[in-house]
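Asker: If you're matching positions, the sequence shown starts at 1170 in the numbering used here and goes up one per residue.
Every residue, glycine too, gets a C-beta built ideally from N, C-alpha and C.
The structure presented is a predicted model; accordingly, all values stated were derived computationally and were not measured.
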Amino acid sequence: MRAGAALQSWGTNGNRRIPRFTACHGLHWQQVGISFLSDKNDDHSALIVACGRGDRAALQEIYRREAGAMIGISARIVKRRELAEEVVQESFVAIWRNAARFDPSIGSGRAWLFQIVRNRSLNMLRDTSRELPTEQDALDAAVDAGADYENAYERLANNSALKRCLDELEPRRKQGILLAFVEGMSHGEIAAKLKVPLGTTKSWLRRSLIALRECMA
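1. Let me know if Arg1234 comes out buried or exposed under the rule of 16 or more other beta-carbons within 10 Å of its beta-carbon.
2. So is Arg1245 buried or exposed if we call it buried at 16+ other beta carbons inside 10 Å?
3. Taking 7 Å as the threshold (beta carbon to beta carbon), is Ala1253 in contact with chain B?
4. So Ser1243 and Val1256 are in contact, right, with Cβ under 8 Å, and what is the actual spacing, rounded?
5. Can you tell me whether Arg1270 is buried or exposed, with buried defined as 16 or more other CB within 10 angstroms of its CB?
6. Use the C-beta contact count for Gly1353: other C-beta atoms within 10 angstroms, 16 or more gives buried, fewer gives exposed.
7. Can you tell me whether Gly1357 is buried or exposed? The criterion is at least 16 other CB atoms within 10 Å of its CB, across all chains shown.
8. Which residue wins for smallest C-alpha separation from Met1239, given the options Ser1260, Ala1227, Gly1223 and His1213?
9. Three-state secondary structure (DSSP) at Ile1133?
10. Roughly how many whole angstroms lie between the Cα atoms of Glu1230 and Cys1220?
11. Our contact map puts Ser1372 next to Gly1345 with C-beta atoms below 8 Å; I'd like the distance itself, whole angstroms only.
12. If contacts are defined as beta-carbon pairs under 8 Å, then Leu1291 and Cys1334 qualify, I think. What distance do you get, rounded to the angstrom?
13. Please determine, among Asp1296, Ser1329 and Pro1340, the residue with the shortest C-alpha to C-alpha distance to Glu1383.
14. For Ile1385, name the three-state secondary structure that DSSP assigns.
15. Quick check on Gly1237: buried or exposed, where buried means 16 or more other Cβ atoms within 10 Å of its Cβ?
16. Tell me which same chain residues have a C-beta within less than 6 Å of the C-beta of Thr1369, skipping the five on either side of it?
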């Protein structure tokens, strides 16, 4: 799919319409060259300013030009292409929301765009590298030799913060977390057991861990 055709649907945020992108396939950072951060002939600032005025075509043009390079840069940080594509998706939402604050007199528009991608990539790397927070020991203590995830969950104290936060997850996402941390299943094994695509399983686990961390903070 061509990058220019990847921008498909739009969501809402109050009176502003927010773009929602599908993953950009077939573009790699090598294809756009190593000098993509050069300021030479940089008209990205004008496009960002136009985005700030609500011009969706300007955002689509930025996506057409830079999505492939952004995925490449992000992938070098997060080490996984599917996460890099998610980073770029989130980055374009952030670009749309923050474009009105961009000041072209301060610096390069292109540098501003890629700084958003770098920051989002580092956040993603931090989030995906964290383990289940604070009450992992409580879950470990609930696991007897040969116990399955359902028994381990039931053995958690009713007033356990971990149990309370697990109960706030959608049932299949909670099941996926317990299968991973109690039974030690791989992403592929969890996907097969829950009968969902592997990519969906990975996304569920990552987002569920983030939700647990925030719940238990």
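Answerer: With the structure as the only source:
1. Burial call: buried.
2. exposed
3. The structure shown contains no chain B; it holds only a single protein chain.
4. 4 Å
5. exposed
6. exposed
7. exposed
8. Residue Ser1260 is the option with its Cα nearest to Met1239.
9. Shown here, the chain extends from 1170 to 1386; a query on residue 1133 therefore has no answer.
10. Inter-residue distance for Glu1230 and Cys1220 is about 10 Å (C-alpha atoms, whole angstroms).
11. About 10 Å; that fails the 8 Å criterion.
12. A Cβ-Cβ separation of about 25 Å leaves Leu1291 out of contact with Cys1334 under the 8 Å criterion.
13. Asp1296
14. Strictly speaking, residue 1385 in this sequence is Met, with Ile absent from that position. Of the three classes helix, strand and coil, the one that applies to Met1385 here is helix, per DSSP.
15. buried
16. none
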